[in-house]
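Student: Below you will find the structure I want to go over with you.
Protein chains: 2
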Amino acid sequence: MESKPTIQDVANLANVSIATVSRVINNQGGVRKVTEERILKAIEELGYIRSAAARTMKLKETNTIGVIVPDIKNPFFPQVMAGIEQKAREKEYFTILSSTNESPKIEEEIVKNFIERGVDGVIITTANEEGDHLKLLEDQGIPVVAVDRSIKKLEVDTVLVDNKKGTYQAIQHLILQGHEKIAIICGPLNTTPGLDRYLGYQQALEDYKIALDERYVIQGDFGEQSGYRCTKKLFELEERPTAIFSSNNMMTIGCVKALEDLNWRLGSEVSFIGFDDVDIATFLNPKLSVVARPMNSIGEIAFLLLHERISLKGHLPKREYLLTPELKIRQSCRLVNPAL
Amino acid sequence: MESKPTIQDVANLANVSIATVSRVINNQGGVRKVTEERILKAIEELGYIRSAAARTMKLKETNTIGVIVPDIKNPFFPQVMAGIEQKAREKEYFTILSSTNESPKIEEEIVKNFIERGVDGVIITTANEEGDHLKLLEDQGIPVVAVDRSIKKLEVDTVLVDNKKGTYQAIQHLILQGHEKIAIICGPLNTTPGLDRYLGYQQALEDYKIALDERYVIQGDFGEQSGYRCTKKLFELEERPTAIFSSNNMMTIGCVKALEDLNWRLGSEVSFIGFDDVDIATFLNPKLSVVARPMNSIGEIAFLLLHERISLKGHLPKREYLLTPELKIRQSCRLVNPAL
DNA sequence: CCTCAAAATGTAAACGTTTAGATTTTTTTG
DNA sequence: CAAAAAAATCTAAACGTTTACATTTTGAGG
């Protein structure tokens, strides 16, 4: 366990200069076969692994991108991450992931840490869409791609799904099934997904001339707990909704738990559609209808956008991808029950 | 977007030497108040952020640990990760995560990359328990903690749950409910969890004098697909089992899907217990009985062990943590149906 | 066997920190 | 107020790469 071998050690052992070793390591050619073999053998023998730190210092690039998500336990993000990693690996980029727990303060620390480490770019679902705390990245000229939530104060590429449209279609579907008392469990309205999903809801009601009833608009925070709580509140209304729309996967889970506990019968007594597909969707009886997003693609696109920006240092205009989500109708939404 | 400011720029602006700036950055004291303030102002003004690369190069430490998991989409790992991150943050360590997709080849690449980056330690659930490809870490003197799967050829700290005991209890429970035709969907037997869970099954049958029936031992690969496939095979037996034990979460999901599709009625026609709690467990009707693990704790312990080793460079003996899983009986296992 | 171009290899500087040890400044003390 | 001690600050080297440029080696052609 001597101190790690350096390029110098390799050079000594192979009886060449460090420049030659460097050439071999980086496959730059212009080295005689025999020399190369001698060097390779020395590397093998010493167990030499080059130091990324030293390399970065000279080259000012790390071939690394940083990914920041608000909650690693929300399955949406690992899925997106898988898409990112896949594309990144193809381009020989390396990915580092950190989770903020929805805390802008932790997010800022992470950003700073990423900058210290010299990431070449960042993909982020920010905990605070205002984005003041992300100015640092801009200052350093580090490309950023926003995923799922946009960033107000930063001109960056963005990959979103059409939250409004997806929700609109879901609500429309419910309306066409005769529902008029449709509740929405909202996400935080200061986030893009939270707000846009609410706007889709609003729009659908408006288009179909259904008055928006404040009692049916209820505020969650994208967490499972809040889905549970909100559902309970809806249940306690003297005039219960006949359909519920939940704004994200975690709240859907809470909601379904509540329905179960309250013995509020899914499908028959209350129809349901949730944003984002969830594992449980097809296990429940009845199966859950959902607005599904192509999570893997979101990750892939995000990386591709970022990679473009990293390679073409030039100034590209801000780009925005808007993927269309898919309404998957299963059995949790039914014609409104005339008996109610 | 000039090139990034360095400590030298700060020093110039504040009219001091770089040594003094360094002292301020690292809170080493011995700097006059006024000087410190001048320096702080300069840092602020320039937006200076120190280069981790340069720092690492000098100090040979990164305050970073690497985490390697086989499948980031399996919710078990994000949960463990959350535990790791939490403790790591407390100790001012930073975490980088990579997923191997169960490929030892990718795993080796990742390891190499981690070493290049100079991680101070590694927490890993390896894709190949033989561990030959992990020798590199040992050579470099980088502490390693194995989680969930042990590593044969490496003397490293290990955090496991008592897979055998957990499974034993589950099978025992089924036996005490009168089941004799109990099937197990195994994980790969060349992994600790796969093998130990099988051994627990075997042991329980033996202790209760039930002959092991090869037809009921069926080989999966921890993937959802295989859970589905295996369940189907069991269904096709002329003498179907009256109970099924699934060796992990993903296979449980596949299994439940299959039961549904086959219209093989959970609880009444076939009892079920799965290893690892899953989101869907409490949504199903009947609710799934499971062997649950304290995932967050696993992560916390793993980090603590690693941290100890990083700080106390000395040679500690290999340590092994064996957490006890908890059998959660819900409604998916019932007294054997005498009608069958 | 000499010349010369091409190929291979070597030299040395630079990247941005930290820090031991040298030097300067400030404070204390008689 | 000078000398000594203490505190603050500075100088310079080192960390392990990459690479422009310099030097040496090789081999072809005469």
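If you read the protein sequences in the order shown, they are chains A and E.
Mapping of the first sequence onto our numbering: residues 262 to 601, in sequence order.
Mapping of the second sequence onto our numbering: residues 262 to 601, in sequence order.
Idealized CB from N, CA, C, for every residue including glycine.
Mind checking if Met262/A is an interface residue toward chain E, Cβ cutoff 8 Å exclusive?
Tutor: Because Met262/A sits at a pLDDT of 46, beneath the cut-off of 50, its placement in the model cannot be relied upon, and the following sentence gives the value as read from the coordinates. Met262/A counts as touching chain E.
Student: Output yes if chain A places a C-beta closer than 8 Å to the C-beta of Leu583/E; else output no.
Tutor: Cβ-Cβ to chain A under 8 Å: no for Leu583/E.
Student: Strictly below 7 Å CB to CB, what residues from chain E border Pro339/A?
Tutor: Going along chain E in sequence order, the residues near Pro339/A (Cβ under 7 Å) are Ile333, Lys334, Pro339.
Student: When the Cα atoms are used, what is the spatial distance from Thr428/E to Ile376/E?
Tutor: Distance between the alpha carbons of Thr428/E and Ile376/E is about 37 Å.
Student: Along the region 517-529 of chain E, what residues have a CB closer than 9 Å to any CB found in chain A?
Tutor: Under the 9 Å Cβ criterion, the region 517-529 of chain E contributes Val517, Lys518, Glu521.
Student: Flag Lys352/A as yes if its beta-carbon sits less than 8 Å from any beta-carbon of chain E, otherwise no.
Tutor: No, no contact with chain E.
Student: Just to confirm, is the Cβ distance from Ala431/A to Ile534/A under 8 Å?
Tutor: Closer than 8 Å, so yes.
Student: Using 8 Å as the threshold, is the C-beta distance between Ile329/E and Ile385/E below it?
Tutor: Going by C-beta atoms, Ile329/E is nearer than 8 Å to Ile385/E.
Student: Residues of chain E with a CB under 8 Å from the CB of Gly308/A: which are they?
Tutor: The answer, in chain order, is Leu397, Asp400, Gln401.
Student: Could you check if Ser264/E belongs to the surroundings of the ligand SAM, using beta carbon to heavy atom distance under 7 Å?
Tutor: Inclusion of the ligand SAM in the displayed structure is not the case, the ligand content being empty and no account of it being possible.
Student: I want to see whether chain E comes within less than 8 Å of Ser312/A, judged by CB atoms only; does it?
Tutor: Yes - at least one Cβ of chain E is within 8 Å of the one on Ser312/A.
Student: What are the boundary residues of the alpha helix (DSSP H) that includes Lys498/E?
Tutor: It should be pointed out that residue 498/E corresponds to Leu in this sequence rather than to Lys. Premise fails: Leu498/E is in no alpha helix (DSSP H) and is neither H nor E.
Student: Can you find the residues in the same chain that come closer than 6 Å, C-beta to C-beta, to Phe564/A, ignoring five residues on each side of it along the sequence?
Tutor: Only Ile345, Lys348, Ala349 meet the Cβ criterion.
Student: Applying the 10 Å Cβ sphere with the 16-neighbour rule, what's the burial state of Ser360/E?
Tutor: So Ser360/E ends up on the buried side.
Student: By the three-class DSSP mapping on this structure, what secondary structure does Tyr582/E have?
Tutor: Three-state DSSP puts Tyr582/E in a strand.
Student: Which of the three DSSP states is assigned to Gly327/A in this structure?
Tutor: Correct three-state label for Gly327/A: strand.
Student: Applying a beta-carbon distance threshold of less than 7 Å, which residues of chain A neighbour Lys373/E?
Tutor: Those are Ile310, listed as they occur along chain A.
Student: Would Leu567/E pass as an interface residue toward chain A - the criterion being a Cβ-Cβ separation below 8 Å?
Tutor: Leu567/E does not count as touching chain A.
Student: Quick one: measure Cβ to Cβ for Thr453/A and Glu497/A, integer angstroms, because I've assumed they're closer than 8 Å.
Tutor: Actually they do not touch by this definition, with Cβ atoms about 30 Å apart.
Student: In three-state DSSP terms, what is Lys589/E?
Tutor: Strand at Lys589/E.
Student: Under the DSSP definition of a beta bridge, which residues are partnered with Ile619/A?
Tutor: Outside the shown range of chain A (262 to 601) lies residue 619/A, about which nothing can therefore be said.
Student: Would Pro404/E and Ile590/E qualify as a contact pair, given that the criterion is a beta-carbon distance under 8 Å?
Tutor: No, these two residues do not count as a Cβ contact at 8 Å.
Student: Quick one: what does DSSP say Ser360/A is sitting in, helix, strand or coil?
Tutor: Looking at Ser360/A - three-state DSSP - the assignment turns out to be strand.
Student: Which residue from Glu561/E, Arg595/E, Gln464/E, Leu583/E puts its Cα closest to that of Lys352/E?
Tutor: Out of Glu561/E, Arg595/E, Gln464/E, Leu583/E, Glu561/E has the C-alpha closest to the C-alpha of Lys352/E.
Student: Tell me the residue span of the beta strand (DSSP E) that contains Ala314/A.
Tutor: Unbroken run through Ala314/A is the alpha helix (DSSP H), 313-320; no beta strand (DSSP E).
Student: Using a Cβ-Cβ distance under 8 Å, would Val597/A count as near chain E?
Tutor: Closer than 8 Å: no.
Student: Output, in chain order, the set of chain E residues within a Cβ distance shorter than 7 Å of Asn546/A.
Tutor: Chain E residues near Asn546/A: Asn546.
Student: What residues from chain E crowd round Met342/A, counting only those whose CB sits closer than 7 Å?
Tutor: Residues of chain E passing the Cβ test: Ile333.
Student: Counting only the same chain and skipping the five closest in sequence on each side, list residues whose C-beta sits under 6 Å from that of Ile436/A.
Tutor: The residues are Tyr469.
Student: Residues in the same chain with beta-carbon distance under 8 Å from Leu583/E, minus the five sequence neighbours each way, listed in chain order, please.
Tutor: Cβ within range, chain order: Leu421, Val422, Asp423.
Student: Chain E partners of Glu346/A, CB-CB under 7 Å?
Tutor: Within chain E, the residues near Glu346/A are Ser360.
Student: Tell me whether Pro578/A is buried or exposed, calling it buried when 16 or more other Cβ atoms sit within 10 Å of its Cβ.
Tutor: The residue in question, Pro578/A, is exposed, as its Cβ has fewer than 16 Cβ neighbours within 10 Å.
Student: Taking buried to mean at least 16 other C-beta atoms within 10 Å of its own C-beta, is Glu368/A buried or exposed?
Tutor: With 16 or more Cβ atoms within 10 Å of its Cβ, Glu368/A is classed as buried.
Student: For the region 462-480 of chain E, enumerate the residues whose C-beta is nearer than 9 Å to any C-beta of chain A, in chain order.
Tutor: Within the region 462-480 of chain E, no residue has a Cβ that lies closer than 9 Å to any Cβ of chain A.
Student: Using the three-state DSSP reduction, which class does Gly515/A fall into: helix, strand or coil?
Tutor: Looking at Gly515/A - three-state DSSP - the assignment turns out to be helix.
Student: Is Gly448/E closer than 8 Å to Ser508/E when the C-beta atoms are compared?
Tutor: Against a cut-off of 8 Å, the Cβ pair of Gly448/E and Ser508/E comes out as a contact.
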